[in-house]
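**Student:** The opening position of the sequence shown corresponds to residue 425 in this note's numbering, with each subsequent residue numbered one higher.
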Amino acid sequence: MEQPKVSVIIPALRGITDSCMDSLLAQSCREMEVLCLCAEVPESLTAAAAKDSRIRIVREDFPNTGAAANRGLELARGRYVLVLKGTETAARDLLERALNRAEDTAADVTVFCGYTVSRVGNEKKDDADGYDRRLTGRLTNFSLREQFPDRYFSVLKGSLPFRLLRADFVKRQVLRFPELEECWEVPFCAGCDARADRVALLDRRMLTALPETAPADPRNVLTAFDKMADSLGTDQAALRLLVGSMQSILLFGVMVIMIAGASAVEIGTACLVHPALPVQITEDLDKYCK
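(1) Note down, in chain order, each residue of its chain lying with its Cβ closer than 8 Å to the Cβ of residue 566, except the 5 sequence neighbours on either side.
(2) Do you know offhand how far residue 564's Cα is from residue 613's?
(3) Roughly how many angstroms separate the alpha carbons of residue 662 and residue 569, rounded to a whole number?
(4) For the beta strand (DSSP E) that contains residue 500, what are its first and last residues?
(5) Here's the rule: buried if 16 or more other CB atoms are within 10 angstroms of the residue's CB, otherwise exposed. What is residue 427?
(6) With a floor of 3 residues, list each beta strand (DSSP E) that falls wholly inside the segment 425-466, ordered by position along the chain.
(7) Thinking just about the alpha-carbon of each residue, which of 496, 516, 491, 467 is nearest to the one in residue 451?
(8) Would you list the one or two residues that DSSP bridges to residue 565?
(9) Residues in the same chain with beta-carbon distance under 6 Å from residue 525, minus the five sequence neighbours each way, listed in chain order, please.
(10) Should the segment 595-607 be regarded as contacting the segment 465-476, the criterion being three or more beta carbon pairs within less than 8 Å?
(11) By the DSSP assignment, the alpha helix (DSSP H) with residue 593 in it spans what residues?
(12) So, for residue 647: in the same chain, excluding its five sequence neighbours on each side, which residues have a beta-carbon less than 8 Å away from its beta-carbon?
(13) Provide the residue span of the beta strand (DSSP E) that contains residue 512, from first to last.
(14) Suppose the cutoff is 8 Å on Cβ atoms and the five residues either side in sequence are ignored; what does the same chain contact list for residue 494 look like?
(15) Quick one: what does DSSP say residue 483 is sitting in, helix, strand or coil?
(16) Between residue 487 and residue 446, what straight-line distance do the alpha-carbon atoms span, to the nearest angstrom?
(17) Could you tell me how far apart the beta carbons of residue 590 and residue 504 are, in whole angstroms, since I believe they sit closer than 8 Å?
(18) In the DSSP assignment, what residue or residues form a beta bridge with residue 572?
(19) Near residue 710, what residues of its chain come up, given a Cβ to Cβ distance below 6 Å and the 5 sequence neighbours on each side ignored?
(20) Give me the Cα-Cα distance between residue 469 and residue 618, rounded to the nearest whole angstrom.
(21) Is the CB-CB distance between residue 519 and residue 453 below 7 Å?
(22) Could you pull the DSSP bridge partners for residue 534 from this structure?
(23) Which residue comes first and which comes last in the beta strand (DSSP E) that contains residue 506?
(24) With burial defined as no fewer than 16 other Cβ atoms inside 10 Å of the residue's Cβ, what is the status of residue 530: buried or exposed?
(25) When we look at the beta-carbon of residue 466 and count the other beta-carbons within 10 Å, is it buried (16 or more) or exposed?
(26) Among residues of its own chain, excluding the 5 on either side of residue 501, which ones have a beta-carbon nearer than 7 Å to its beta-carbon?
(27) Within this structure, are the beta carbons of residue 632 and residue 555 separated by less than 7 Å?
(28) Quick one: residues in its chain with C-beta nearer than 8 Å to the C-beta of residue 444, no 5 flanking neighbours on either side, listed in chain order?
(29) Please identify the residue among 478, 611, 437 whose C-alpha is closest to the C-alpha of residue 448.
(30) Between residue 635 and the rest of its own chain, which residues show a CB-CB distance below 6 Å, the 5 nearest in sequence each way excluded?
(31) Does the beta-carbon distance from residue 492 to residue 437 come in below 7 Å?
Laid out in structure tokens, this is it:
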């Protein structure tokens, strides 16, 4: 098989939905592979792989999802990589559009967004691309390092969306997922954006995804932010200082949950899972905790 254009990596320790796999195999970009990292391989996945050689299954006793994602990065053969959780449904032209955007802008990181669909009622929540357009203006490709060196967390707000990454960029920067079961994607995405020479935005909703089944364990979130500081590198001293400030906020969120009990879980998680609280800490704490 010739080198695929894209390796879609799915650390599938919690399984892969049929709609996710079907939508990937139906992509208009055919030069791709789907790399499934599993502890146990369901029969449906084995049957799908027998019918389509683009599916590669790797069965190992992975300790956690982050470790499985890292194994996927090691084995990926594509010029670009896209890491999914296995619950997303992709638009048919997702890979084609993301590839075109990446190549047109010579971007290391191409960011796109989608919708989160509730598990009850099928209500859609619009997930923005994560960038504060009040600061980026009409820019649709830029370097955070060069154009926003001291405003990283102000520019990158809200939830972290999806990313198509140049494989050689990931290898050159030795980017790795933290070996966690939850929040494993947060430090990795932050490190990618901070180190990229060029970040491009694809202003289209290209995926629908199911939400997490339960709020993240706050301890995992705190560990993820420790790893985020590492991922930003020693040349990002100002960003490391901001991460330290954010950890204090996260500890506050943990205390809220511990003191107020289960009723505070949703509010606490709203603070905890947003990896990009901006410098204007008071303003955003008011927003998230209303």
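Note that beta-carbon positions come from the ideal geometry of N, C-alpha and C, so glycine has one too.
All values reported here derive from a predicted model rather than from experimental measurement.
**Tutor:** On the basis of the data shown:
(1) 560, 572, 622, 623
(2) 18 Å
(3) Confidence in residue 662 is poor, its pLDDT being 48 and thus under 50, which makes the residue's placement too unreliable to answer from.
(4) Run containing residue 500: none; DSSP gives neither H nor E here.
(5) exposed
(6) 430-435, 456-462
(7) 516
(8) 624
(9) 534, 624, 626
(10) no
(11) 591-596
(12) 602, 604, 607
(13) 512-514
(14) 600, 601, 603
(15) strand
(16) 27 Å
(17) 6 Å
(18) For residue 572, which the question treats as bridged, DSSP gives no partner whatsoever.
(19) With a pLDDT of only 35 at residue 710, under 50, the local geometry of the prediction cannot be trusted, and no value is derived from it.
(20) 36 Å
(21) yes
(22) 588, 624
(23) 504-507
(24) exposed
(25) exposed
(26) 427, 428, 431, 457
(27) no
(28) 434, 508, 510, 511, 512, 513, 514
(29) 478
(30) 540
(31) yes
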